[in-house]
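Written out below as structure tokens is the structure these notes cover.
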Amino acid sequence: MSRSAVFTAAEYSRRIRDVKKRMERAGFDLIICQDPANMGWLTGYDGWSFYVPQCVLVHVDEERPIWFGRAQDEKSALLTTGLPQGNVVPFSEYLVQNPEGHPFDELAELVRARGWGKARIGVEMDAHYYTARCHAHLVQGLPEASFSNNGDLVNWARLIKSEPELALMREAGAICSHAMERAISKMSPGVPQNEVIAELYHAQIMGVGGLGGDYAAICPLMPVGEGTATPHLTWTEDPLPQSGLAILEIAGARRRYHAALTRTVHFGRPPQTYVDIAKAIVDGVDAGLEKARSGNTAEEVEAAWQAVLRSRGLKKESRVGYPIGLAYPPDWGERTVSLRPGDRTELQPGMCFHMMAGVWLGDFGLAISESFVVTDKGGEKLCTSPRKLIAVE
């Protein structure tokens, strides 16, 4: 018996049709997708198997995609995708971490057997799990094919969320808000950092309101003290300080769809400098959300945020946001649009972003972010956590 499908067959068919149109415009006969989020979006495949070579193939002349992966994971594909047996192709188990042979040797055989040996093939050069060895074996096994980077074609197809996807994004936002509340309630001076994270993980997976949570594509990030001057530190077992800052960046995940959130806590009464910076960040997010309406561009959202920072004598060099949605480790970003100068992508209803609003200075930082959906009226927040510098007395 298969697991309950996340989306209807009609939803998956719509996605495949869209991708094929994009392939035809880009001049591809076949694309090979190794990004696990793209594999899931195209077929529903869901399994912790992305540490070995695997992929989904889409050919312009084939009605349904093909899953290709480890023999041990064949049943996972049958349980989660609804693909017919003939479209689920396992590779030989002895090829797992084989010093000479490689799973993509058999993938090349599959492509040739389907009559696609001379195809124009698009591969995901920037996918985290598409290794140099994967590419080398594929090219060697298909000498008559032409290969090129597909430009994250499927990632771009995922940019505008359907209504069923938006429902999951909002549920992820509810889980994220609940998990953030539980974590902050645990944060007091002297409490070991890992105990806060344990509370957070429990809340993330238990979910809220009968909605169960999933593992997030990024583990909780919690820089403390001087560590707040950089954004990507995780926790330790050290106690939280009697005075100073701590930042939490987390996500709620629902059926692999993510809503992310960052909040900053100060232990004791915060200095006025911190209060002022936090106010600038909050006001900057408000300006960005107001600008995040259909018809505007990605760079206009960033410009609205930067204008507020500049008016307060602050600046942020890095981009302020990126698209989010369906994701697997190591990242919940979609690798397409960036909220930064020069990105003139026109915003459309249903696009979802994490506005990673923060300021990192020499020896401290503050971040108060928001995940949102683009609408005709501006950015609709996915989370409900109060947006402010949180003082823990």
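Numbering (the working numbering), first residue to last: 32 to 424.
All residues carry an ideal CB built from backbone N, CA and C; glycine is no exception.
Could you check the C-alpha separation between residue i and residue j for me, to the nearest Å?
| i | j | result |
| --- | --- | --- |
| R300 | L397 | 15 Å |
| E453 | Q224 | This structure cannot settle anything about residue 453, because the visible part of the chain is limited to 32 through 424. |
| E94 | Y232 | 40 Å |
| Q235 | W363 | 15 Å |
| T259 | G389 | 10 Å |
| G356 | P380 | 14 Å |
| S369 | E348 | 13 Å |
| E331 | E105 | 46 Å |
| R366 | F99 | 23 Å |
| G78 | Q303 | 48 Å |
What residues in its chain sit with their C-beta under 8 Å from that of residue i, if we drop five residues either side in the sequence?
| i | result |
| --- | --- |
| P272 | P220, V255, G256 and F298 |
| A318 | A335, W336, A338 and V339 |
Skipping 5 residues on each side, what residues in its chain have a beta carbon closer than 7 Å to that of residue i?
| i | result |
| --- | --- |
| S416 | S208, M211, E212, L292 and R294 |
| R201 | L413 |
| R418 | V313, V316, I399 and E401 |
| L340 | A311, G315, K346 and K347 |
| G204 | G283, A290, S402, L413 and C414 |
| A144 | none |
Which residues mark the beginning and the end of the beta strand (DSSP E) in which residue i is found?
| i | result |
| --- | --- |
| N186 | Not the beta strand (DSSP E): N186 falls in the alpha helix (DSSP H), residues L184 to A188. |
| Y353 | G352 to Y359 |
| K51 | K51 -> not in any beta strand (DSSP E); alpha helix (DSSP H) instead, spanning A40 to A57. |
| W363 | D362 to G364 |
| R151 | R151 to V154 |
| L61 | L61 to C64 |
Sort the options by Cα distance to residue i and report the nearest one.
| i | options | result |
| --- | --- | --- |
| E131 | G381, R164 and A102 | R164 |
| Y305 | I399, V89, T111 and L420 | L420 |
| G113 | A290, A247, A234 and V37 | V37 |
| L252 | D245, G244, G243 and P262 | P262 |
| A102 | Q116, S123 and E175 | S123 |
| Q65 | K217, G244 and H159 | H159 |
| A309 | L378, A323 and R343 | R343 |
| M387 | V170, P84, R341 and A282 | A282 |
| L197 | C383, C86 and G148 | C383 |
| V227 | G238, M237, A214 and V239 | A214 |
| F81 | G71, G393 and L88 | G71 |
Can you give me the start and stop residues for the alpha helix (DSSP H) that residue i sits inside?
| i | result |
| --- | --- |
| M386 | Premise fails: M386 lies in the beta strand (DSSP E), C383 to M386, not in any alpha helix (DSSP H). |
| A282 | Careful: A282 lies outside any alpha helix (DSSP H), inside the beta strand (DSSP E) at G275 to R285. |
Looking at the C-beta of residue i, does it have a partner C-beta in chain C at a distance below 8 Å?
| i | result |
| --- | --- |
| I152 | Protein chain content of the structure displayed is limited to a single chain, and chain C is not contained in it. |
In chain order, what residues of the same chain have a beta carbon less than 6 Å from the beta carbon of residue i, not counting five sequence neighbours either side?
| i | result |
| --- | --- |
| E175 | G148 and K149 |
- [ ] Could you tell me which uninterrupted beta strand (DSSP E) segments, each at least 3 residues in length, are contained entirely in the region 81-143, listed from first to last along the chain?
- [x] 86-90, 97-101 and 119-122
Task: 4 or more residues per run - each alpha helix (DSSP H) lying fully within the region 188-237 - done: 194-217 and 224-237
Open item on the list: Please give me, in chain order, every unbroken run of the alpha helix (DSSP H) with length at least 4 that falls completely inside the region 288-327.
Closed with: 303-322
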